[in-house]
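Residue numbers (my numbering): 6 to 177. Quick reminder that beta carbons are idealized off the backbone N, C-alpha and C, glycines included.
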């Protein structure tokens, strides 16, 4: 469903359906202006759905909607193992909920959240949460600065630390 001009209402209905589905194992809604409709992704995390991969990258999802999604993922271990929320508008607003999800969720093994305008200070919180996480085996997190439009603005030490924690998890 990538790039099909699915808006907030359509996305909300779609994810409510996915939450009830017992056979769909992957959904790609990237490059759709779903915005706040992504809040219904939370329903997938608190259901018995079989969906193991959600790609909601580049969907104009605001921080307050991502907070809802992260909160549900933190409190409900679902079938979801892969979550791509890259190129949305996370910024500072969703970082505490993202960190809580990283500390508590035990099913997500692949997390992609590049280019979400998360400042270096906030990425330190993410690093600390990843330090406590034992299930993330792959994480893509580059391009996290609101001042540097392209490339990885994170300090080399930060990238190395995050990569070391992920490597540790793969070896467990």
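(request) May I ask you to report which of helix, strand or coil DSSP gives residue 156? (result) Residue placement at residue 156 is poorly supported in this model, since its pLDDT is 47, which falls under 50; the coordinates still yield a value, given next. Looking at residue 156 - three-state DSSP - the assignment turns out to be coil, as it is neither helix nor strand.
(request) Kindly indicate which three-state DSSP category residue 170 falls into: helix, strand or coil? (result) The three-state reading of DSSP puts residue 170 in helix, counting H, G and I together.
(request) Determine the burial state of residue 78: buried for a count of at least 16 other Cβ atoms within 10 Å of its Cβ, exposed for fewer. (result) When all chains shown are included, residue 78 counts as buried.
(message) Can you check whether the C-beta of residue 165 is within less than 8 Å of a C-beta belonging to chain C?
(response) The chain inventory of the structure shown lacks chain C, comprising one protein chain alone.
(message) According to DSSP, is residue 127 part of a helix, a strand, or is it coil?
(response) Secondary structure at residue 127: helix, using DSSP grouped into helix, strand and coil.
(message) Using the three-state DSSP reduction, which class does residue 56 fall into: helix, strand or coil?
(response) DSSP places residue 56 in coil when its eight states are reduced to three.
(message) So, for residue 130: in the same chain, excluding its five sequence neighbours on each side, which residues have a beta-carbon less than 7 Å away from its beta-carbon?
(response) Within the same chain, residue 130 has close Cβ partners 100 and 104.
(request) Using beta-carbon positions only, say whether residue 15 and residue 42 come within less than 8 Å of one another. (result) Contact flag set, yes.
(message) One question on the structure: do residue 85 and residue 56 come within less than 8 Å of each other, judged by their Cβ atoms?
(response) Taking the C-beta atoms as reference points, residue 56 is found nearer than 8 Å to residue 85.
(request) Assign residue 88 to one of two classes, buried (16 or more other C-beta atoms within 10 Å of its C-beta) or exposed (fewer than that). (result) Under this definition residue 88 is a buried residue.
(message) To the nearest angstrom, how far is the alpha carbon of residue 153 from that of residue 20?
(response) Unreliable placement is indicated for residue 153, whose pLDDT of 48 sits below 50; the coordinate value is still reported in the next sentence. Residue 153 and residue 20 have their alpha carbons spaced roughly 33 Å apart.
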